[in-house]
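Each residue of the sequence shown is one higher than the one before, starting from 239 at the first, in the numbering used here.
Glycine included, each C-beta is placed from N, C-alpha and C at the ideal position.
The structure displayed is predicted, hence computed values, not measured ones.
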Amino acid sequence: MPQDLFGIHAEALELRSRRMGLIASNIANAATPGYKAKDIDFTAALKSAETGSDLDVAAGRATQFRVPVMPSLDGNTVELQNEQIAFSENAVGYSATLQFIRARVDTVTRALRGD
Numbered sequence: 239m240p241q242d243l244f245g246i247h248a249e250a251l252e253l254r255s256r257r258m259g260l261i262a263s264n265i266a267n268a269a270t271p272g273y274k275a276k277d278i279d280f281t282a283a284l285k286s287a288e289t290g291s292d293l294d295v296a297a298g299r300a301t302q303f304r305v306p307v308m309p310s311l312d313g314n315t316v317e318l319q320n321e322q323i324a325f326s327e328n329a330v331g332y333s334a335t336l337q338f339i340r341a342r343v344d345t346v347t348r349a350l351r352g353d
């Protein structure tokens, strides 16, 4: 039912949430020696979900290690400024997707009330 009502936006919201968690983990481990930063290729994961793949499978396949521009001597691949930018961009996308879903719910609610 959510797929019918919200289209791909339900999956997009879940993927953005998962991506936000990965990026937050990267930021939290910025000083952890040997930590390898990961990210979800949102576009690839969403395309996979659109073609019928399970969301867990789609997110798993689209999760990649980040390749640092300037690797650190301790093996940590987190570049804090890049993670902060990715987090902000993802947060904007999450907010936009959530606003779309809210608008859809409002439309359905008005229709049910007969407004």
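- T347: member of the alpha helix (DSSP H) spanning 318-351, first to last residue.
- Less than 8 Å separates the beta-carbon of D277 from that of L260.
- In this structure, DSSP gives T301 an extended state, which the three-state scheme calls strand.
- In this structure, the CA atom of G245 is about 11 Å from the CA atom of L251.
- Remark: three or more beta-carbon pairs, one from each stretch, lie closer than 8 Å, so the segment 263-275 and the segment 307-323 are flagged as touching.
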